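Counting in my numbering, the final residue of the sequence shown is number 1015, and the numbers go up one at a time with none missing.
First up is the structure itself, then whatever we jot down about it.
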Amino acid sequence: MFLLAALLTFQLEKISDGVYAAIRTNAPGLGADATSVFIINDDDVVVVDTTGSLAGAREELAALRKLTSKPVRTVINTHWHFDHVTGNQIYRDAFPNAEIISSSATRADMAAKGASSRADMAKSLPQFISDLKGFLDKKQNFTGEAINDEERASYESDVAQAEGVVAEAKDVRVTLPTTTFDESMTLHRGARTIELLRLGRGHTSGDIVVWLPDEKIAITGDLVVWPVPLMGSDQSYIGDWSASLEKLRALQPRTIIPGHGHVMHDDAYVATLIRLTRSLQEQAAAAVARGETLDVARKSVKLDEFRDAIAGDDRLLRFIFRVYVANAGFAAAYRGAQAF
Ligand SMILES: [Zn+2]
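See below:
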């Protein structure tokens, strides 16, 4: 119970009039819960992403209730991953008429893979939990060094999050979007304009950015994740990612709310991600052109500049970078270059 309570903490940050980001405060780790955003309009509320747990969504809805009594009429999913959509059913139950909106690719992915990926996760998590607990007991990190405070907090947070997912597994229903679009869609809610933009593939095939043109706020889903970008070996599109981020940058956002991590007020981090994804793509394409297998190609990949810019000398962040960028991200780039 103590760990679960620790898992559920988030910080509600006011971004602009009526715009609040619920930013999860769990330690960075291999697992990380996603940010939700509340957009409170003249007559209603739009919620962007619903977190990775039913408990987390209930807790956020309670926080929203303290801000306003206006009904949630619209839920937006930036992509199909569980940490962004699990709470859909909490909003559906509380507001049966609410629309859930995503790109058509996201809805298709959620319909095809939402239930099975959840089942796979519930099956593999007990082993992950016991491995992490083993490292904590031995006071060691994943690579066998003496664990430091940051790593301990990270592993404990991952254990808590994983235990929450396992405990809720029987109660979760895949709750699909009810409205979809391909390229873009505009919501007019009282005086507020909310644009849903599919700028291109990146983290997944269906990524969208929620753009408030008057406030110049971009809610990016996992096209932008801080402190370390999340890439999936068989789900991310590295070759398209930099172009999608260039389009994001061209909007000239004043505020960027990433899928995970703190709010940004300039595009320096996005610029780093553009260079990183382009470099991954170029190195993978060159390796494929040389006829190298993925294993051979891995040996010559150079990402030190980006690892240092993103993770500094923080041992935990360097590990997360290796898992999600150097390993999964490069594999995704290689797969994309092969298909090209
Ligand atoms: Zn995410």
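Built from N, CA and C at the ideal position, the CB exists for glycine as well.
Note that the coordinates shown come from a computational prediction; the quantities given were computed from them, not determined experimentally.
Quick check on residue i: buried or exposed, where buried means 16 or more other Cβ atoms within 10 Å of its Cβ?
{"i": "residue 756", "result": "buried"}
{"i": "residue 791", "result": "exposed"}
{"i": "residue 676", "result": "The predicted position of residue 676 is uncertain, since its pLDDT is 34 and thus under 50; no value can be drawn from it."}
{"i": "residue 878", "result": "buried"}
{"i": "residue 884", "result": "buried"}
{"i": "residue 749", "result": "buried"}
{"i": "residue 1015", "result": "exposed"}
{"i": "residue 682", "result": "Because the pLDDT of residue 682 is 46, which lies under 50, any placement of that residue in the model is unreliable, and the question is left without a value."}
{"i": "residue 680", "result": "Low per-residue confidence applies at residue 680: pLDDT is 41, beneath 50, and the placement is therefore not dependable, though the value from the model is reported in the following sentence. When all chains shown are included, residue 680 counts as exposed."}
{"i": "residue 848", "result": "exposed"}
{"i": "residue 824", "result": "exposed"}
{"i": "residue 867", "result": "buried"}
{"i": "residue 972", "result": "buried"}
{"i": "residue 927", "result": "exposed"}
Report yes if the C-beta of residue i is less than 7 Å from at least one heavy atom of ligand 3; otherwise report no.
{"i": "residue 877", "result": "Ligand 3 is absent from the structure shown, which contains only ligand 1."}
Tell me, which residues are paired with residue i by DSSP?
{"i": "residue 977", "result": "Answer is none; residue 977 lacks a bridge partner."}
{"i": "residue 854", "result": "776"}
{"i": "residue 747", "result": "720"}
{"i": "residue 713", "result": "695, 722"}
So which of the options has the shortest CA-CA distance to residue i?
{"i": "residue 839", "options": "810, 823, 962, 708", "result": "708"}
{"i": "residue 902", "options": "999, 1010, 975, 860", "result": "999"}
{"i": "residue 714", "options": "924, 890, 853", "result": "890"}
{"i": "residue 865", "options": "1014, 1010, 721", "result": "721"}
{"i": "residue 940", "options": "690, 685, 684, 686", "result": "690"}
{"i": "residue 778", "options": "930, 786, 947", "result": "786"}
{"i": "residue 858", "options": "872, 758, 852", "result": "872"}
{"i": "residue 875", "options": "904, 906, 923", "result": "923"}
{"i": "residue 716", "options": "830, 882, 887, 805", "result": "887"}
{"i": "residue 727", "options": "930, 844, 993", "result": "844"}
{"i": "residue 738", "options": "905, 759, 711", "result": "711"}
Should residue i and residue j be called a contact, given that it needs their Cβ atoms to be closer than 8 Å?
{"i": "residue 969", "j": "residue 1001", "result": "no"}
{"i": "residue 670", "j": "residue 914", "result": "A query on residue 670 cannot be resolved here, the shown segment of the chain reaching from 676 to 1015 and no further."}
{"i": "residue 762", "j": "residue 783", "result": "no"}
{"i": "residue 851", "j": "residue 827", "result": "no"}
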